[in-house]
Each structure stands twice: as C-alpha cells, then as structure tokens.
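Accompanying notes for the structure given below.
Numbering (the numbering used here), first residue to last: 3 to 299.
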C-alpha cells in the first residue's frame with residue numbers, strides 16, 4: 003500500500019509491526035551497557051570457550067589466598083597474614099595483566115571490528131555515556147577479580163583468630179587499593195584495545211605493555227637500590243601501574259605496601275596519588291576522544 007505525500011515522495015507500508023512498548027531512557031541504556039560489559043568480561047552470555055580464561059584467571063588469583071589461609075590456620079606461630087593485604091594485587095599482577103589483556107579487547111575492540119559502535123550512537127546514547135558504561139563495567143570486573151581473594155584472606159584470618167581489628171583495617175585499606183587498581187588497569191587496557199579493531203593485536207599489546215612496564219620498574223628500582231640512589235628507587239614505582247597503586251597506598255599510610263614511596267615531607271610522595279588521578283582521567287578523556295571519531299554512517 004502506498005500513500006502520495008505533498009512533497010511527491012512515496013511511503014511504502016511493507017508490513018513491519020510498530021513498537022508500542024516503553025521507551026528506555028539514556029540512563030537505562032547506559033545501565034544495560036554497563037551490565038553487559040561486566041558479563042562479557044567474565045564470559046557470561048558468550049560461548050563456553052569464552053568462559054575458560056576468565057575463570058582460570060579468577061582461580062589463579064584466589065589460589066594463593068587459599069594457601070595462605072591454610073598456612074595461618076595450621077601454623078600457630080603465624081600471627082599475621084604473610085605479605086599483608088594491600089600488597090596482594092602486586093603479587094598476582096601477571097594474572098591481572100592477562101585478564102585485562104584478554105578481556106578488554108573482548109569488551110571494546112569487537113564494537114569497532116564489527117561496526118557495532120555506530121549502532122549504539124544512532125540511539126540517544128552519547129559517546130561519553132558509552133565510554134562511561136564500558137569503563138565502569140571493566141573496572142567492576144577487575145575489582146571483583148581483586149576483591150574476592152582479599153575477602154578470602156580476611157575470612158581465613160578471622161577464622162584463625164588473628165587480631166580482628168588489625169585484619170579488618172588492613173582489609174578495608176586493601177579494598178580501596180583494589181578500586182584504584184581496577185580504575186587504572188581498566189583505563190589502560192580499554193585505551194589500548196580501542197586503538198585497534200583486531201582483538202589478537204589488542205591482547206598482545208596490553209599484556210606486553212603492562213608486563214614490560216612492571217619489568218622496567220623492578221629493574222630500575224633494583225639498580226637504584228644497588229647504587230644507593232634511594233630517591234630514584236622510590237620514584238621507580240611510578241613506571242608500573244601495579245607499583246603506582248601500591249606506592250599510593252604506601253603514601254596514604256598502608257604499612258603492608260610493597261613499594262616504598264618517598265615521604266610526603268620530601269614533597270615527592272604526592273606524585274603517586276597525583277599520577278593515579280592523571281592516568282585515570284587521561285585514559286577516560288582519550289577514550290571519549292577516540293569514540294567521537296567513530297561515525298554513525
């Protein structure tokens with residue numbers, strides 16, 4: 003059936019049904035995209051093969067915590083958690099780097115490769131909301147990956163009847179560090195993944211960057227300590243995302259931080275939290291800029 007309009011155009015009725023249901027707001031669309039990002043990071047809603055890597059990495063971060071719990075419950079001489087809570091993510095940084103490298107491209111690169119991103123932007127969802135949902139979803143997934151073994155540690159410590167006040171205080175500090183780790187790693191991973199639509203290239207680039215920076219930080223710190231350059235050794239933690247967050251916790255007063263950051267009285271310790279803020283804000287801004295270049299057509 004056709005209908006002639008005043009402008010001389012023709013409207014064809016080809017039988018499509020009209021949608022008469024409720025229209026979602028942009029906030030609801032953003033919330034749905036956030037939820038989908040968290041699910042995708044752990045392979046939910048994807049094939050069984052896609053779930054293997056996230057589950058293996060989750061198990062690899064939790065296994066050391068379980069072993070530590072067994073040790074402190076069996077060996078009565080242990081009156082504290084070995085290694086401490088805040089430094090735990092630093093000790094499993096390889097697993098965290100692999101998780102970011104394997105899942106960040108699955109979250110964002112596929113939108114570029116299969117041209118899904120323009121479909122999001124053809125709706126009321128803005129570029130800023132898209133980036134915010136993806137960033138928040140990836141950060142929450144990383145937070146879960148870090149927070150779960152920390153929770154296992156504190157439960158094991160309390161069951162072993164270690165001083166509860168000290169354990170809870172250190173645990174809460176470590177949870178703050180887990181949030182910082184999640185924000186920093188998610189930002190770096192998503193930014194690198196957004197630079198290429200090729201998932202394999204994104205995986206290799208993210209893992210390489212994170213591990214090379216960690217190796218560089220360890221080398222610079224070791225050499226600086228060997229030659230007595232204490233200030234350079236302290237500032238070496240700025241080179242690695244993992245050491246950066248750990249050093250920030252040390253500056254803020256965490257006793258169990260692995261990185262010895264310069265004191266605030268020397269005017270250098272403030273570089274750690276300042277750089278964390280710059281990395282998170284910079285990655286977010288660059289992601290928004292990247293997706294502003296993605297056209298709808």
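Cβ coordinates follow ideal geometry from the N, Cα and C atoms, glycine included.
On a predicted model such as this, the values are computed, not experimentally measured, just so you know.
- Residue 137: member of the alpha helix (DSSP H) spanning 129 to 161, first to last residue.
- The beta carbons of residue 81 and residue 152 sit no closer together than 8 Å.
- Excluding residues up to 5 positions away in sequence, 40 lie with their Cβ nearer than 6 Å to the Cβ of residue 142 in the same chain.
- In the assembly as shown, residue 232 is an exposed residue. Its beta-carbon has fewer than 16 other beta-carbons within 10 Å.
- If you check the CB distance, residue 286 and residue 240 do not come in under 8 Å.
- Between residue 209 and residue 99, the C-beta spacing is below 8 Å.
- The closest CA to that of residue 92, considering only 282, 50, 251, 283, is found on 251.
- Excluding its 5 nearest sequence neighbours in each direction, residue 109 has C-beta neighbours in its own chain below 8 Å: 39, 42, 43, 136, 139, 140, 192, 195, listed in chain order.
- Rounded to the nearest whole angstrom, the CA to CA distance from residue 31 to residue 200 is 26 Å.
- If you draw a straight line from the Cα of residue 177 to the Cα of residue 202, it comes to about 32 Å.
- Here the stretch 153 to 161 does not lie against the stretch 48 to 61, with fewer than 3 beta-carbon pairs under 8 Å apart.
- The Cβ atoms of residue 243 and residue 288 lie no closer than 8 Å to each other.
- Contact between residue 162 and residue 74 holds, with the beta-carbon distance rounding to 5 Å and staying under 8 Å.
- The closest CA to that of residue 87, considering only 66, 187, 111, is found on 66.
- Straight through space, the alpha carbons of residue 118 and residue 112 are spaced by roughly 8 Å.
- Residue state for residue 112 is assigned as helix, using DSSP reduced to three classes.
- Annotated as proximal: residue 120 and residue 296, with beta-carbon spacing under 8 Å.
- Relative to residue 169, the option among 46, 84, 101 whose CA is nearest is 84.
- Membership of residue 183 in the alpha helix (DSSP H) is indicated by the continuous run 166 to 195.
- Per DSSP, residue 94 lies in no alpha helix (DSSP H) segment and is marked neither H nor E.
- Going by DSSP, residue 233 is part of the alpha helix (DSSP H) stretching over 232 to 237.
- The beta carbon of residue 71 sits closer than 6 Å to the beta carbons of 158 from its chain, once the five residues preceding and following it are set aside; these are given in chain order.
- Cβ neighbours of residue 238 within its own chain (closer than 7 Å, five residues either side excluded): 219, 222, 223, 226.
- Looking at the backbone, the Cα of residue 133 and that of residue 173 are separated by about 30 Å.
- Judged by DSSP secondary structure, residue 253 falls within the alpha helix (DSSP H) whose first and last residues are 243 to 253.
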